[in-house]
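**Student:** I'd like to ask you about the structure that follows.
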């Protein structure tokens with residue numbers, strides 16, 4: 001087995017494990033020599049610079065980078081070797097904010113968020129705080145990974161969790177290529193178990209959505225058409241049902257950036273993103289209504305900025321210093337990776353935005 005496939009960039013001590021190296025690549029070359037316009041210059045053309053934060057609606061919390069998978073395009077560079085995990089103390093600081101903010105959605109992500117030892121405690125406490133839309137981003141295979149996770153479908157149901165699951169394709173070959181051998185079969189079993197407790201059924205309030213992201217250096221196809229294909233194939237082949245499919249563009253950071261460079265596709269991909277730029281998508285990008293919290297409590301405009309270590313442009317830098325007045329209306333920190341969220345119909349953790 002090729003170990004590079006089962007280790008994070010962090011573990012391999014790759015220079016791309018360093019966020020400053022990634023930012024250097026994104027700022028130089030075709031953007032520095034003027035071949036392509038910077039994202040700042042592009043949004044300035046339509047008077048959308050600076051990009052401003054609106055009212056906070058979604059608090060997205062990364063509870064740790066530990067994961068049972070090492071996916072080829074993971075922007076978090078997550079894996080079993082990542083030990084960064086949110087403590088209960090930081091979770092409590094998040095809960096204090098949840099109780100006083102107007103945010104209606106709590107979005108838990110990772111790694112595999114379920115691997116955080118305080119995950120269930122956090123879900124239970126946050127449920128008491130009255131969140132109306134409670135999302136957990138699950139890689140599905142975690143449900144099958146170990147006996148202690150087998151009851152997750154029931155746990156999710158008990159707390160009316162909105163499960164958003166990674167599913168690269170409805171075929172084994174494409175899924176396993178991107179996510180690792182055996183991932184497809186385990187994902188199918190997990191989806192069947194979620195269906196069995198009521199998730200994803202046409203009239204069910206137990207929301208089950210899938211996330212597709214391309215397996216190579218290309219942009220996702222039409223989300224509506226792909227959703228129909230996914231629904232047809234999964235129902236016919238495995239009797240699986242789900243509600244929505246979100247098509248998410250791969251952003252040129254972390255392991256996907258590593259893949260682009262290694263496959264000599266970086267410049268072509270950046271050209272594709274810039275050519276697909278859609279000014280209408282800028283108005284609704286997720287950073288305008290979302291705040292991302294890192295495993296150690298620091299604040300970012302989005303999960304991607306978190307991975308590039310680009311903190312919020314505000315005096316309130318940590319969840320313990322949370323101040324809605326300081327954060328609302330702030331200028332959003334941008335770089336060339338932002339083209340990924342504004343290409344075509346746009347892309348966010350909730351799917352297309354335009």
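Numbering (the UniProt record's numbering), first residue to last: 1 to 354. Beta carbons are placed, not taken as given, at the ideal position from N, Cα and C, and that holds for glycine. None of the values given here were measured: they were computed from a predicted structure.
So, is residue 222 buried or exposed, given that buried needs 16 or more other C-beta atoms within 10 angstroms?
**Tutor:** Counting from 1 along the chain shown, the entry for residue 222 is found at position 222. Residue 222 should be labelled exposed.
**Student:** Name the residue from 199, 212, 325, 21 whose alpha carbon lies nearest to the alpha carbon of residue 247.
**Tutor:** As a first step, residue 247 is located in the chain shown; it is residue number 247 there, counting from the start. Comparing Cα-Cα distances from residue 247 to each of 199, 212, 325, 21, the minimum goes to 212.
**Student:** For residue 3, which residues in the same chain have their Cβ closer than 8 Å to its Cβ, ignoring the five residues on either side in sequence?
**Tutor:** Reading the chain shown from its first residue, position 3 is the one you call residue 3. Note that residue 3 scores 32 on pLDDT, short of 50, meaning its location in the model is unreliable and no value can be drawn from it.
**Student:** Since residue 81 and residue 11 should fall inside the 8 Å C-beta cutoff, what is the C-beta to C-beta distance between them, to a whole number of angstroms?
**Tutor:** Here residue 81 refers to the residue found at position 81 when the chain shown is read from its first residue. Here residue 11 refers to the residue found at position 11 when the chain shown is read from its first residue. Sure, about 4 Å apart at Cβ, within 8 Å.
**Student:** Using the three-state DSSP reduction, which class does residue 56 fall into: helix, strand or coil?
**Tutor:** Here residue 56 is taken as the residue at index 56 of the chain shown, counted from 1. Three-state DSSP puts residue 56 in coil, outside helix and strand.
**Student:** How would you label residue 24, buried or exposed, when you count the other beta carbons within 10 angstroms and need 16 or more for buried?
**Tutor:** Within the chain shown, numbered from 1, the residue matching residue 24 stands at position 24. With fewer than 16 other Cβ atoms within 10 Å, it is exposed.
**Student:** Which residues mark the beginning and the end of the alpha helix (DSSP H) in which residue 156 is found?
**Tutor:** For the purposes of this step, residue 156 is identified with residue 156 of the chain shown, where counting begins at 1. That run of the alpha helix (DSSP H) goes 152-158.
**Student:** Per the DSSP calculation, residue 311 is bridged to which residue(s)?
**Tutor:** Within the chain shown, numbered from 1, the residue matching residue 311 stands at position 311. 300.
**Student:** Within 10 Å of its beta-carbon, does residue 303 have 16 or more other beta-carbons around it, so buried, or fewer, so exposed?
**Tutor:** Stepping through the chain shown from its first residue, residue 303 is reached at position 303. In summary, residue 303 is buried, with 16 or more beta-carbon neighbours lying within 10 Å of its beta-carbon over all protein chains present.
**Student:** Thinking just about the alpha-carbon of each residue, which of 297, 153, 345 is nearest to the one in residue 280?
**Tutor:** Within the chain shown, numbered from 1, the residue matching residue 280 stands at position 280. Nearest C-alpha to residue 280: 345.
**Student:** Pick from 175, 99, 261: whose alpha carbon is nearest that of residue 128?
**Tutor:** Locating residue 128 in the chain shown gives position 128, where the first residue counts as 1. For residue 128, the nearest C-alpha among the options comes from 99.
**Student:** Which same chain residues end up closer than 7 Å to residue 155 when comparing Cβ atoms and leaving out the 5 residues on each side of it in sequence?
**Tutor:** Taking the chain shown and counting its residues from 1, the one referred to as residue 155 is at position 155. The answer, listed in chain order, is 120.
**Student:** Three-state secondary structure (DSSP) at residue 219?
**Tutor:** For this step, residue 219 is matched to residue 219 along the chain shown. It is coil, neither helix nor strand.
**Student:** Helix, strand or coil for residue 392, going by three-state DSSP, please let me know.
**Tutor:** As displayed, the chain neither begins before 1 nor continues past 354, which places residue 392 out of reach and without an answer.
**Student:** How is the beta strand (DSSP E) around residue 137 delimited, first residue to last?
**Tutor:** For the purposes of this step, residue 137 is identified with residue 137 of the chain shown, where counting begins at 1. Per DSSP, residue 137 belongs to the beta strand (DSSP E) from 133-138.
**Student:** Measure the CB-CB distance between residue 49 and residue 58 and report whether it falls below 8 Å.
**Tutor:** Reading the chain shown from its first residue, position 49 is the one you call residue 49. Reading the chain shown from its first residue, position 58 is the one you call residue 58. Against a cut-off of 8 Å, the Cβ pair of residue 58 and residue 49 comes out as no contact.
**Student:** Where does residue 46 land, buried or exposed, given buried means 16+ other C-beta within 10 angstroms?
**Tutor:** Stepping through the chain shown from its first residue, residue 46 is reached at position 46. Label assigned to residue 46: exposed.
**Student:** Is residue 176 helix, strand or coil by DSSP?
**Tutor:** Within the chain shown, numbered from 1, the residue matching residue 176 stands at position 176. The answer is helix: DSSP assigns residue 176 an H, G or I state.
**Student:** Would residue 53 be called buried (16 or more neighbouring beta carbons within 10 Å of its own) or exposed?
**Tutor:** As a working mapping, residue 53 is identified with position 53 in the chain shown. Buried, because 16 or more other Cβ atoms sit within 10 Å of the Cβ of residue 53.
**Student:** Do you know whose CA, among 186, 169, 170, lies nearest residue 146's CA?
**Tutor:** As a working note, residue 146 is residue 146 in the chain shown. Closest in C-alpha terms to residue 146, from the list 186, 169, 170, comes 186.
**Student:** Between which two residues does the alpha helix (DSSP H) holding residue 269 run?
**Tutor:** Along the chain shown, one-based indexing puts residue 269 at 269. Counting along the chain, the unbroken alpha helix (DSSP H) around residue 269 starts and ends at 266-275.
**Student:** Can you say whether residue 306 is buried or exposed, counting buried as having 16 or more other CB atoms within 10 angstroms of its CB?
**Tutor:** Mapped onto the chain shown, residue 306 falls at position 306. Under this definition residue 306 is a buried residue.
**Student:** Less than 7 Å between C-beta atoms, sequence neighbours within five positions excluded: which residues of the same chain meet that for residue 197?
**Tutor:** Residue mapping note: residue 197 aligns to position 197 of the chain shown, counting from 1. 153, 154, 157, listed in sequence order.
**Student:** Taking only the alpha-carbon atoms, compute the straight-line gap between residue 37 and residue 271 and give it to the nearest angstrom.
**Tutor:** Walking along the chain shown from the start, residue 37 turns up at place 37. Walking along the chain shown from the start, residue 271 turns up at place 271. Answer to the nearest angstrom: the Cα atoms are 10 Å apart.
**Student:** Among 173, 191, 296, whose alpha-carbon lies nearest the alpha-carbon of residue 234?
**Tutor:** Against the chain shown, residue 234 aligns to sequence position 234. Out of 173, 191, 296, 191 has the C-alpha closest to the C-alpha of residue 234.
**Student:** Following the continuous alpha helix (DSSP H) through residue 70, name the residue where it begins and the one where it ends.
**Tutor:** Translated into positions along the chain shown, residue 70 becomes position 70. No alpha helix (DSSP H) contains residue 70, which DSSP labels as neither H nor E.
**Student:** Hey, residue 165 and residue 210 are a contact pair by Cβ (cut 8 Å); roughly how many whole angstroms apart?
**Tutor:** If you number the chain shown from 1, residue 165 lands on position 165. If you number the chain shown from 1, residue 210 lands on position 210. Sure, about 5 Å apart at Cβ, within 8 Å.
**Student:** Are there three or more Cβ pairs, one per stretch, closer than 8 Å when the stretch 247-261 is compared with the stretch 309-318?
**Tutor:** no
**Student:** Would a C-beta distance cut-off of 8 Å place residue 178 and residue 215 closer than the cut-off?
**Tutor:** Taking the chain shown and counting its residues from 1, the one referred to as residue 178 is at position 178. Taking the chain shown and counting its residues from 1, the one referred to as residue 215 is at position 215. In this structure, residue 215 lies closer than 8 Å to residue 178 by Cβ.
**Student:** Suppose contacts are defined by Cβ-Cβ distances below 8 Å. Is residue 74 in contact with residue 255 by that definition?
**Tutor:** Against the chain shown, residue 74 aligns to sequence position 74. Against the chain shown, residue 255 aligns to sequence position 255. Yes, these two residues count as a Cβ contact at 8 Å.
**Student:** Since residue 165 is in the beta strand (DSSP E), which residue starts that stretch and which ends it?
**Tutor:** What you label residue 165 is simply residue 165 of the chain shown in a count that begins at 1. Segment 162-166, the beta strand (DSSP E) holding residue 165.
**Student:** Quick one: is residue 93 buried, meaning 16 or more other Cβ sit within 10 Å of its Cβ, or exposed?
**Tutor:** Reading the chain shown from its first residue, position 93 is the one you call residue 93. The residue is buried, with at least 16 neighbouring Cβ atoms inside 10 Å.
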